[in-house]
Every structure is written in structure tokens, then in C-alpha cells.
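A.B. asks: Submitted below is the structure of interest, expressed as C-alpha cells.
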């Protein structure tokens, strides 16, 4: 974890395989408010949001991301698995001033041992995740992965508690086009025994974009500058344009409204563009009963740097209530951003209010200058999901996101120039993904599989290499592969039939059941472009009412030995039409079940065929894809290795450079990175151009000596 001073800021969350972890840190917070969780011991507990592309760790003390210095935590990693972080810490502030002028701001910042949101005993003493045993059965699961905790403000020590309880219910989806954000649904309840006038709500976010420098960030804002309560004037300093995805001025979205509405979004990004993602937070919601209530917009947006972190409630409260015009920041540094809204109408004892905060990502990896447009598109889609197609907040149609079929589990078996891909229809014991009802419609709408391959993984570089579609006589709602017609393939396409699939162009007459799946077409080709899927012979899985003991499998041939390939089998459905709400066919995410393998011949029994590829290395090689951070991982490979050996690398002058201790009974391949190697004691240095000597030795004394050449563009230290 980066070593830097942190003042008072807070957290946000994400992850992929959901864990429930309890730490040993226990706090005994004393409260001055009688009857609320007095002297309750509690333990820090966390859960992970990793069902989508945005991975975050959330905590049971209303914090997100970095609460403990632990490599197992997710710090806004996006895309999930890339190692690129977009979040350091966040929390929620609730501010109030009593009749005597005393100021209260409830917040949590565990790094400073300042935890004021305390989990209520027996209600939310843990950070619950919906895929874990113990999820409270009285809490409705809304998304693909929910998180839930319930706190009160009994830990407040500076001015004492206000008398509030706060429930945070977080949502995340793994469906493409809906998987770049996390939603935090807050319910704030007055348990003080008195009426609370003019509460303010805010979210201080310290994002620290990227995995290295945290002092090169910039903050932006899109929306209104509310100089009066809820009047929502436009930002006077913003130049209107129509480049945003919705075709209206950049500051606005028009989701389900007659007139454009302020996006009311604070966002942060990397000033030098090394990390192209933009991360943004947007408060929204509806206070009261539709249509007489008020839509939630930020009433203020403030930014400050690490040297001006507010150290007490008075300064925090000043940020919450100040509605001055936002000024653009053009100096990169370690910034925080804090949207806030208020003052709220009188909240009487026992009453509650609900509101949301969306934390969203967006990037255009081909053109980082357009990443802000992707963030806007995602923000607009996020709001559309909330309104559920009817445009009315608070109805049963809120958060309508079509659910894709569950992802199957993959088993990859590498071989000589091939990988065998096996997947299971049973995604959980006793649950068949092809028979699972859609989470939104309740209809069993499974429609097929697409097999994807990538040389990079994460969420980039994927190519569809095979496709199976459910065969029915009614193709009205089927997945339409001709949407890929912008792709083309060579003329010498070769068709292959996967194992376990029979020729179904003329289904056997004695079969009494309808064929289940057909393979539209599958080709092998060299350039990784998907050809047009025109009409041709079909292949079916024959469904006789039961499922075969042998799960689907498929072989990807003509691969290059020593190259790592990522695979994902993605199920999809056929969508549905429900009243006037059209749900398009939905595919699952590729990251959810991606696995990788390196095709290779059988492990060598001697060193005779050991060699370095490519040799010479000139700038790059085929297995190097551009990572999401736009940084290429340069590396060479030692191939045809025995099951166990040691590789030593020297300069021509005999200076030892690095060592690889290799042990693998399957692949026979070892990679050597050309930057950030550590054996030399010079981490962060890049390998210089030149000729190098390598020596491969086995435990039984066998040796092979060879040489390779490296030609790179720069010998400067890696940043």
C-alpha cells in the first residue's frame, strides 16, 4: 500500500469472488446518547463487490475500499483483475447544527481510529453479502450481488451523537453495459427523540487514480451549483456542447424527463492519461411521494487536497453547507471530491429518508480523451436502471436490469497447440443454468453460449470463436449474430463439430423432443476476426428431457505453444417483452468465469530443445497485449523446459542479471519480464538492449547454455 499521510476521508468498494472476512480489530465505543448501542463491542468486517467489472471492498462501518492495509482488499479495481485501482477511501458524512449553534458531523475514518458509524448489535454486526450464508432473510436481494450493513452514530465523540441510524444496501450487476458501477442505497432514520431540521449529506472521496503516483489526479464536476435550496441552476462556468452520448449539453442527462436534468456528478481522473478510466459519483433519489416530492441533486461540490483535509466537525460542516460556485481545478495533486445535498426538510423522530449514491467508471481505451463520454453514458444508464423504464421513482419497477444466465464453471486442459475447454451446466449443486429463470422476468429464457478467447484477459481483446444458439421455431427474440457483420474472415474457413454435438441438419425422426442447441457456425482462421455468420448446416445438442452426463466441451486448435490464452464461456438469454417494457437479449460477463491456459507439448525430458522466443526480441511480441492501463508488459519466453530447472541470465561481460526457479509438470514455459524485475535488487529498472547469455540447469546436473538479443526503444528507468 502506498505510504502517504491521510487526513479525514472515506471509502468505497468492489471485488469478484465474494468473501466474508472478520478482522481481529475490536473497538469499544462509548456513546453519550442513552439507549443507542451503548458500550457495544464490535469488530471490523468486510465484504467484496466483484460481480461486475468494478471491484470494491465495503465495510460494516460505512466505509469503502482502504480501511486496513491488506492486499486482499479491493480499491476500486477496474476492470476487475487488471490491478488498476481507482479508489482509496470513502464514507458518508451527515451534518447538523442544533439550536445552540453546536455542529455535528457523523463520519468514519478507521485509518485515524475515528469510527463514528457503529454496526448495530445483532442487526448488522457483520458486513453481509448476498452470496454468503447468513444473509438476513428479511432483506430483499435486488442485484446480482448485494451488500448490507446497519449502523448508528453512537461512536461520535467530538460533539457526540446526533441520534441517527443509517442502513446501507449496496447493489452490483454483472451484466454487460450495467457492470461498471456500484449503487449505495442509504436509509437514514431519526432515533434522537426530537425533530432534526436541516440535515446535510455528503460523500468525501479520495480516489488516488492508478497504482503508482497519487499526486497526479484532477477533479471535475458536471451539474448544478445550487446557490439556493433545490433550485438547481446550471454551472455558469461550463460551456455547453452536444458531444455527450445523449445528444444534449454535457452537464445534463434526460433520462425519463421532459427537460434535461443536471447530472450532478463529481469525477476524478489521471492527469497524465496513464490510467484512462474516469471515476464519478452521483447522488440521486426522491424525497417524498411522487410526483410531489423532490429529486435529489447535489447542492454543493467541493474539492480539497491532502494538505487541507478537515480535521474537525466544524470544517467538515463548512464543506457540506457551502454552495459557492464550483471552480475548475487544473493543477494535478492528491485531491478529494465531496458532493453534498441539503438542507433536508424537518425529519421527525422515527421518520426515515432514502437516497442513493452511484459510484461509476467509464473509459474509452482506444481514445482516452473520450473517456468522459463513456462515464456519462454509464451514469445515464445507471439512472435509467433505477427508474425501471417507467420514469417513476419508488415503484416496483425500480432497478430493472435484465439478468443474464449464471456463468458456467470452466476447466481448461492445455495440450500441444491446443486447449480443451470443458464447462458445466450446473453452476451450483443441483442448479442447471439452462433451466434457471431470469431474475427480472421469472421466465426460463436461456438461449445459448458464446465461447470467447483473448490474449490479454480482463475486459479487452476478446474474440468470439464459437457460438451455439437454442433452436426454436420462433426466432422473434433470438440473439441476432448478424449484428457482427462488420467483422470479416478469410475465404478458407474450416468448420468443426464440437465433441458431443451431432449433425442436426436433418434431426433424427425417431427423436420425440425438439433439438436444444444448434451451432450456427464456427471457423478457424489466423487473424482473430469473427466472420459473417451466414446460413449453413446446424448442429444440435439433443435434449431428451434430461441432460447428458458429459458436460459440453470444445477444443481450440491451431494455437501457438507457449502463449497464454484466456477463455470465457458466456451464456445469454433471448430477452422478453413485458407490457411496454422491452428487455433486449442479455449476455453474461466475460470476466465472471474467465480462465487461462498455455498450450504446450509434453514436458521435455532433456534440454536439447530449450530455446528463447522471440529471439531476437525487437520491441514487442505477439503475446503482449495492451493492458487496460495502456502499459505493455514486455517479456520473452523460455520454452521446452523440463519439469524442474533453474535459469540464470548474464550479460556478455559475465555480470549476473536474474534467476528463474522453474517447476511445472505441465507447460514447459517460463516467462521473463523485461521491466520491474526484482532478483537484481533493482526493481523498477528496465532491461537494456543487448545480447544476453542464459544457462539452464537441472537438479541432476544437466546444463544448456545459449544466448538471446533484446532490442527495446528506451533504456531509461521505468516509471
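Numbering (my numbering), first residue to last: 1376 to 2094. Note that the Cβ used here is the ideal one computed from N, Cα and C, for glycine as well.
1) For the alpha helix (DSSP H) containing residue 1683, name the first residue and the last one.
2) Does the pairing of the region 1734-1744 with the region 1665-1676 give three or more beta-carbon distances under 8 angstroms?
3) Between which two residues does the alpha helix (DSSP H) carrying residue 1746 extend?
4) DSSP state of residue 1696, grouped into three classes?
5) Pick out whichever of 1533, 1511, 1991, 1567 has its Cα sitting closest to the Cα of residue 1722.
6) Counting C-beta neighbours from all protein chains within 10 Å, is the total for residue 1933 16 or more, i.e. buried, or is it exposed?
7) Rounded to the nearest angstrom, what separates residue 1991 and residue 2012 at their Cα positions?
8) Quick check: what's the CA-CA separation for residue 2031 versus residue 1993?
9) Mind pulling the alpha helix (DSSP H) runs of 4 or more residues that sit fully within the region 1463-1520?
10) From 1800, 1595, 1769, 1652, pick the residue whose C-alpha is nearest to that of residue 1707; which is it?
11) Would you list the residues sitting across from residue 1638 in a DSSP beta bridge?
12) Between the alpha carbons of residue 1662 and residue 1643, how many angstroms are there, rounded?
13) Name, in chain order, the residues that DSSP records as bridge partners for residue 1547.
14) Can you tell me which residues form a DSSP beta bridge with residue 2070?
15) Name the DSSP bridge partner or partners of residue 1331?
16) With DSSP collapsed to three states, give me the class of residue 1380.
17) Less than 6 angstroms between C-beta atoms, sequence neighbours within five positions excluded: which residues of the same chain meet that for residue 1577?
18) Kindly indicate which three-state DSSP category residue 1806 falls into: helix, strand or coil?
19) Once DSSP output is grouped into helix, strand and coil, what is the label at residue 1690?
20) As a quick exercise: from 1682, 1727, 1948, pick the residue whose alpha carbon is nearest that of residue 1551.
21) Determine which residues share a DSSP beta bridge with residue 1930 and list them.
22) What did DSSP end up calling residue 1968 once you bin it into helix, strand or coil?
23) So, are the CB atoms of residue 1426 and residue 1479 less than 8 angstroms apart?
24) CA-CA distance, residue 1526 and residue 1732?
25) Classify residue 1811: buried if its beta carbon has 16 or more other beta carbons within 10 angstroms, exposed otherwise.
26) Are the CB atoms of residue 1682 and residue 1541 nearer to each other than 8 angstroms?
27) Would you mind giving the Cβ-Cβ distance between residue 1974 and residue 1936, rounded to the nearest angstrom? I have them listed as a contact below 8 angstroms.
28) Whole angstroms are fine: how far does the CA of residue 1941 sit from the CA of residue 1802?
29) What does the alpha-carbon distance come out to for the pair residue 1986 and residue 2074?
30) In terms of DSSP beta bridges, what is residue 1986 paired with?
31) Compare the beta carbon distance of residue 1821 and residue 1789 with 8 angstroms and say whether it is the shorter of the two.
32) How would you write the range of the beta strand (DSSP E) that residue 1713 sits in, first residue to last?
33) Would you report the Cα separation of residue 1423 and residue 2084, rounded to the nearest angstrom?
34) Compare the C-alpha of residue 1787 against each of 1470, 1970, 1651, 1678 and name the closest.
35) Do you know offhand how far residue 1978's Cα is from residue 1752's?
36) Give the range of the beta strand (DSSP E) segment to which residue 1664 is assigned.
C.D. replies: The relevant details are as follows:
1) The residue you call residue 1683 lines up with position 308 of the chain shown. From DSSP, residue 1683 is part of no alpha helix (DSSP H); its letter is neither H nor E.
2) Proximity of the region 1734-1744 to the region 1665-1676 falls short of the contact definition, fewer than three beta-carbon pairs being nearer than 8 angstroms.
3) Stepping through the chain shown from its first residue, residue 1746 is reached at position 371. 1746-1762 is the extent of the alpha helix (DSSP H) around residue 1746.
4) One-based indexing of the chain shown puts residue 1696 at position 321. Three-state result, residue 1696: helix.
5) Numbered from 1 along the chain shown, position 347 holds the residue referred to as residue 1722. Proximity to residue 1722 across 1533, 1511, 1991, 1567 peaks at 1567, based on C-alpha coordinates.
6) Locating residue 1933 in the chain shown gives position 558, where the first residue counts as 1. Label assigned to residue 1933: exposed.
7) Indexing the chain shown from 1 puts residue 1991 at position 616. Indexing the chain shown from 1 puts residue 2012 at position 637. The straight-line gap from Cα to Cα measures roughly 11 angstroms.
8) Residue mapping note: residue 2031 aligns to position 656 of the chain shown, counting from 1. Residue mapping note: residue 1993 aligns to position 618 of the chain shown, counting from 1. A direct Cα-to-Cα measurement between residue 2031 and residue 1993 gives close to 22 angstroms.
9) List check, alpha helix (DSSP H) in window: nothing returned.
10) Locating residue 1707 in the chain shown gives position 332, counting from the first residue. Here the closest residue by C-alpha is 1595.
11) If you number the chain shown from 1, residue 1638 lands on position 263. None, per the DSSP bridge assignment.
12) The sequence position of residue 1662 within the chain shown is 287, counting from 1. The sequence position of residue 1643 within the chain shown is 268, counting from 1. Within the model, the alpha-carbon separation for residue 1662 versus residue 1643 is close to 28 angstroms.
13) Walking along the chain shown from the start, residue 1547 turns up at place 172. DSSP output for residue 1547 lists 1520 as bridge partner(s).
14) Numbered from 1 along the chain shown, position 695 holds the residue referred to as residue 2070. Note: residue 2070 sits in a beta bridge opposite 2023, 2080.
15) The chain is shown only over 1376 to 2094; residue 1331 falls outside these bounds and no answer can be derived.
16) For the purposes of this step, residue 1380 is taken as the residue at position 5 of the chain shown. Any reading at residue 1380 must be qualified, since the residue scores a pLDDT of 32, below 50, and its modelled position is unreliable; no value is offered.
17) Within the chain shown, residue 1577 is the residue found at index 202, counting from 1. Hits under 6 angstroms: 1468, 1695, 1713, 1715.
18) Looking up residue 1806 in the chain shown gives position 431. In this structure, residue 1806 counts as strand in the three-state DSSP scheme.
19) Taking the first residue of the chain shown as position 1, residue 1690 is located at position 315. The DSSP-derived three-state label of residue 1690 is helix.
20) If you number the chain shown from 1, residue 1551 lands on position 176. That would be 1948, whose Cα lies nearest to the Cα of residue 1551.
21) Here residue 1930 refers to the residue found at position 555 of the chain shown. The secondary-structure analysis by DSSP pairs residue 1930 across a beta bridge with 1795.
22) Walking along the chain shown from the start, residue 1968 turns up at place 593. Correct three-state label for residue 1968: helix.
23) Sequence index remark: in the chain shown, residue 1426 carries index 51 (1-based). Sequence index remark: in the chain shown, residue 1479 carries index 104 (1-based). Residue 1426 is not a Cβ neighbour of residue 1479, given a cutoff of 8 angstroms.
24) Indexing the chain shown from 1 puts residue 1526 at position 151. Indexing the chain shown from 1 puts residue 1732 at position 357. Straight-line Cα distance between these residues: approximately 17 angstroms.
25) As a working mapping, residue 1811 is identified with position 436 in the chain shown. With 16 or more neighbouring CB atoms inside 10 Å of its own CB, residue 1811 falls in the buried class.
26) Numbered from 1 along the chain shown, position 307 holds the residue referred to as residue 1682. Numbered from 1 along the chain shown, position 166 holds the residue referred to as residue 1541. No, the Cβ-Cβ distance between residue 1682 and residue 1541 is not below 8 angstroms.
27) As a first step, residue 1974 must be located in the chain shown, where it is residue number 599. As a first step, residue 1936 must be located in the chain shown, where it is residue number 561. Yes, residue 1974 and residue 1936 are in contact; Cβ-Cβ is about 5 angstroms, under 8 angstroms.
28) Along the chain shown, read from residue 1 onward, the residue named residue 1802 stands at position 427. Along the chain shown, read from residue 1 onward, the residue named residue 1941 stands at position 566. Residue 1802 and residue 1941: Cα-Cα distance of roughly 20 angstroms.
29) Along the chain shown, one-based indexing puts residue 1986 at 611. Along the chain shown, one-based indexing puts residue 2074 at 699. Those two C-alpha atoms are separated by around 19 angstroms.
30) Numbered from its first residue, the chain shown carries residue 1986 at position 611. Residue 1986 pairs with 2014.
31) As a first step, residue 1821 must be located in the chain shown, where it is residue number 446. As a first step, residue 1789 must be located in the chain shown, where it is residue number 414. Cβ distance not < 8 angstroms, so residue 1821 and residue 1789 don't count as in contact.
32) Numbered from its first residue, the chain shown carries residue 1713 at position 338. Element bounds for residue 1713: 1710-1716.
33) As a working note, residue 1423 is residue 48 in the chain shown. As a working note, residue 2084 is residue 709 in the chain shown. One Cα belongs to residue 1423, the other to residue 2084, and the distance between them is close to 44 angstroms.
34) As a first step, residue 1787 is located in the chain shown; it is residue number 412 there, counting from the start. Minimum Cα distance to residue 1787 is reached at 1970.
35) Locating residue 1978 in the chain shown gives position 603, counting from the first residue. Locating residue 1752 in the chain shown gives position 377, counting from the first residue. In a straight line, the C-alpha of residue 1978 is about 49 angstroms away from that of residue 1752.
36) One-based indexing of the chain shown puts residue 1664 at position 289. Neither: residue 1664 is in no beta strand (DSSP E) and is coded neither H nor E.
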